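Here the structure comes first, spelled out in structure tokens, and everything after it is commentary.
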Amino acid sequence: MNIGKKHFDGGFYATALPGSGNCSHLVMSNCVRNTSGQNGAFVAMDRKTGAIVYQTPLKYYAWSSPVSMLNERGEMFVVTGDCSGNLYIINGADGRILASRRIGSNFESSPVVVGNQLVIGSRGNSIFKITVK
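Residue numbers (the working numbering): -9 to 123.
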């Protein structure tokens, strides 16, 4: 597919995230859509069958790999960033976006999770530290 003067291929550019806690039956990843525009999705697949359990549309495509956070009840939450600087917190069990905010320019790197804090670099020489409550 061509967008402007650039050739654009869709697919999985991110490393897959094995589910844990209440999502141990899933494997998840960001997917770049090969459709018009710059859309993407966060996709969860059944670990045994490969069947798609859910697809969560993202505002833009995402190259970075998603990371997970578990709460004290073993519920998995996923953090990922897209190529337009949006950061998402997604409920791992059902794919609902719990929080989304544009804070950077382009997240190509994956977030680092330390306890309830995230550190992520963005294009434009920015590094963000976010506390999740």
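Backbone N, C-alpha and C define an ideal beta-carbon position, used for all residues, glycine too.
In this text the structure is predicted, and so the values were computed from the model without any measurement.
If I'm right that residue i touches residue j with Cβ under 8 Å, what's the distance once you round it to whole angstroms?
i: isoleucine 79; j: valine 122; result: 7 Å
i: glutamate 65; j: glycine 11; result: 6 Å
By Cβ distance, which residues of its chain are closer than 7 Å to residue i, with the 5 residues on each side in sequence left out?
i: glycine 75; result: Arg92, Ile93, Gly94, Ser95, Asn96, Phe97, Ser112
i: threonine 5; result: Ser55
i: asparagine 81; result: Phe67, Leu88
Measuring CB to CB, does residue i end up less than 8 Å from residue j?
i: glycine 85; j: alanine 34; result: yes
If you drop the 5 nearest sequence neighbours on each side, which residues of the same chain put their C-beta closer than 6 Å to that of residue i?
i: asparagine 29; result: Arg23
Assign residue i to buried or exposed, taking buried as 16 or more other Cβ atoms, counted over all protein chains shown, within 10 Å of its Cβ.
i: aspartate 72; result: buried
i: serine 116; result: exposed
i: serine 14; result: exposed
i: valine 68; result: buried
i: proline 101; result: buried
i: alanine 52; result: buried
Opposite residue i in the DSSP bridges: which residues?
i: proline 8; result: Val17
i: lysine 119; result: Val109
Quick one: what's got a C-beta closer than 8 Å to residue i's C-beta in the same chain, skipping five residues either side?
i: valine 103; result: Val57, Ser58, Met59, Val69
i: glycine 9; result: His15, Leu16, Val17, Met18, Ala34, Arg37, Ser58, Met66, Gly82
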